[in-house]
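Protein chains in written order, with this note's numbering: chain P, 1 to 326; chain D, 1001 to 1326.
Listed below in structure tokens is the structure:
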């Protein structure tokens, strides 16, 4: 029996299906959920994707998916009683917390994911942490279900693979990602339009925020480190939102020769969240721990209850200590 | 007879080969030339790549290619008399101008390219404008030559495909690009390292320049157009070089809702080069022609002999006229 047989059988038997994915959805979550939703509707099933929070701005275009059917793909409350729950790209019941009642109400519960899973919460699961994107697993499942891939399904799967591999740049990109993408081209995907929407379209306030981060940055430790920040006041001045600050550390990371990057953003309560990244041998987990936080060797963070200048000075001092060891 | 038979036979018979590519080399030119140079050396031939200008900064890492052989890959003058000239990714003799004497001295002249060619200047050519990258043609040629692809050749071909497709985002990206890339993964290419060097590594002065462009930009025509500039004085202040200004228009293009982008850069003689881009229906060729220049519907340019403010005003006025028609 293949790994998909049980799951495919459960899906074939169900008439009403709810799909869920993790809160703070990314492209892999949205693409995997939409591809499956399309496929299940093609099979004649009633199917929606139940959300408990908003779709992020950069993925809003996926909402506009053309479809002749009247029922929307994304819903905030169930328009019917589902028999089957299909959780994709989410290996943690805590990330479907406000939807657990609907999940529990389903006679059958399925999970398809590529995150390392602590507790299995479904009746049937395919969990493959080595898969670059959940979209690749959904691609296999749709093939198993015998639904022909069309342009809409192909574009959803493309967005899933594209975003979880960072436009085929991240280390998790594999031969399989390119082989599946090559097949998706056969269905007429508009890859340039999708990639431009995802990677080359920024709100005016986001572009201004990123420029401001560069204006305010300080390069130190002989060019081996860089630090920058944003305060609540500056965010308001720029018309930027807090979620736009997520990409700021990546702007700093691009600077040639820089080994450690630090970015401080002020929370509404006046504390500063410190994000730290290293490129090769520096251990920013040690820096974060010295600041009362923690994380991994190449990505770590801390929260400082200090005025801006003191928070910057404390972070710089710990980075300099760490770099002095390397 | 396959399209590669003649060319492969010429290469097999030659002992000393010079490879040339266009001036102001890009990733496809460098990757195609290096892949071929590696392959020909594996065949026991003496082979170098003859340059007439510098390798651009962002491709300097390709210079460091490890190789046990003593002879460098890139040379500025020939260390031997070549029998065969192999011109790749260059369909115009004007772009090998200072090397024409060496080219003419070769008994056999070959051209492999994907640009539309006006005059054929080689004895044997494979010209395929529909190929996404010359690297894809070189991949076919290396297969025809029977040289096994190894990690070094694979990485060169990967850089060629990656850069000419804009990291698989441009409209010219095809199914074949992904299929060949999938095969290149089999040879152990370090795709993340290469993609990071090419796309996510910027000189400090380049990052500062791009931020300055955003600081100085003006959004007009109700948010449908944006204009910015850089002067020689500002370039010097930022420690930036003129070739770093090439990417500035792309920074402006990312702004959501903007249809027309204009970027003015001051030449050393005080005139301004105006670069114009449109995203969908506006015709920047008309704007450029009104300013005394020309180009295509979506990409055009002009040169203005005006002081900065007058040049900005003239460009804005023509853009507003064009946008009023759409």
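Cβ coordinates follow ideal geometry from the N, Cα and C atoms, glycine included. Note that the structure is a prediction, hence the values are computed from the model and not measured.
Opposite residue 1124 of chain D in the DSSP bridges: which residues?
D/1110
Looking at the secondary structure, which residues open and close the alpha helix (DSSP H) in which residue 1265 of chain D lies?
Looking at the DSSP string, residue 1265 of chain D is not in any alpha helix (DSSP H); the run it does join, the beta strand (DSSP E), is 1260 to 1266.
Roughly how many whole angstroms lie between the Cα atoms of residue 1074 of chain D and residue 1051 of chain D?
7 Å
State the DSSP-derived secondary structure class of residue 1041 of chain D, mapped to helix, strand or coil.
helix
If we count the other Cβ atoms within 10 Å of its Cβ and call it buried at 16 or more, is residue 1082 of chain D buried or exposed?
buried
Between residue 205 of chain P and residue 1240 of chain D, what straight-line distance do the alpha-carbon atoms span, to the nearest angstrom?
25 Å
Do the region 1149 to 1162 of chain D and the region 1127 to 1138 of chain D touch if we need at least three Cβ pairs shorter than 8 Å?
yes
To the nearest angstrom, report how far apart residue 1208 of chain D and residue 1005 of chain D are at their CA atoms.
51 Å
Proximity below 8 Å, CB of residue 90 of chain P to CB of residue 21 of chain P
yes
In chain order, what residues of the same chain have a beta carbon less than 6 Å from the beta carbon of residue 151 of chain P, not counting five sequence neighbours either side?
187 and 188
State yes or no: is the beta carbon of residue 211 of chain P nearer than 8 Å to at least one beta carbon in chain D?
yes
Using beta carbons (cut-off 8 Å, strictly below), is residue 1168 of chain D in contact with chain P?
yes
When the Cβ atoms of the region 84 to 100 of chain P are set against those of the region 19 to 38 of chain P, are three or more pairs found closer than 8 Å?
yes
In the DSSP assignment, what are the bridge partners of residue 277 of chain P?
P/261 and P/299
Does DSSP put residue 1326 of chain D in a helix, in a strand, or in coil?
coil
Inspect the beta-carbon positions of residue 1110 of chain D and residue 1119 of chain D and report whether they are closer than 8 Å.
no
Indicate the three-state DSSP secondary structure (helix, strand or coil) for residue 11 of chain P in the structure shown.
helix
For residue 319 of chain P, return the contacting residues in chain D, with the cut-off set at a CB-CB distance below 8 Å.
Those do not exist, as residue 319 of chain P stays about 17 Å from chain D at its closest Cβ, beyond 8 Å.
If I measure Cβ to Cβ from residue 49 of chain P and keep anything under 6 Å in the same chain, skipping five residues before and after, which residues do I get?
19, 33, 37, 73 and 74
Going by beta-carbon coordinates alone, are residue 1264 of chain D and residue 1229 of chain D separated by less than 8 Å?
yes
Looking only at DSSP bridge pairs, what is residue 19 of chain P linked to?
P/49 and P/86
Considering only the alpha carbon of each residue, which of D/1320, D/1185 and D/1305 lies closest to residue 1153 of chain D?
D/1185
Please state whether the Cβ-Cβ distance between residue 276 of chain P and residue 61 of chain P is less than 8 Å.
no
Helix, strand or coil: which one does DSSP assign to residue 103 of chain P?
helix
With 16 as the cutoff for other CB atoms within 10 Å, does residue 227 of chain P come out buried or exposed?
buried
Looking only at its own chain, which residues have a Cβ that is under 6 Å from the Cβ of residue 305 of chain P, when we skip the five neighbours before and after it?
271
Measure from the alpha carbon of residue 1002 of chain D to the alpha carbon of each residue in D/1143, D/1102, D/1078 and D/1095, then state which is nearest.
D/1143
Member of D/1269, D/1224, D/1268 and D/1300 whose CA lies at the smallest distance from the CA of residue 1254 of chain D
D/1224
What residue does the alpha helix (DSSP H) around residue 225 of chain P start on, and which one ends it?
Where residue 225 of chain P is concerned, there is no enclosing alpha helix (DSSP H), although the beta strand (DSSP E) it sits in stretches over 225 to 230.
When DSSP builds the beta bridges, which residues end up paired with residue 1218 of chain D?
D/1227
Using a Cβ cut-off of 9 Å, which residues of the region 239 to 261 of chain P contact any Cβ in chain D, in chain order?
250, 251, 252, 253, 254, 255, 256, 257 and 258
Bridge-paired residues (DSSP) for residue 1075 of chain D:
D/1050
Tell me which same chain residues have a C-beta within less than 6 Å of the C-beta of residue 1112 of chain D, skipping the five on either side of it?
1088, 1126 and 1137
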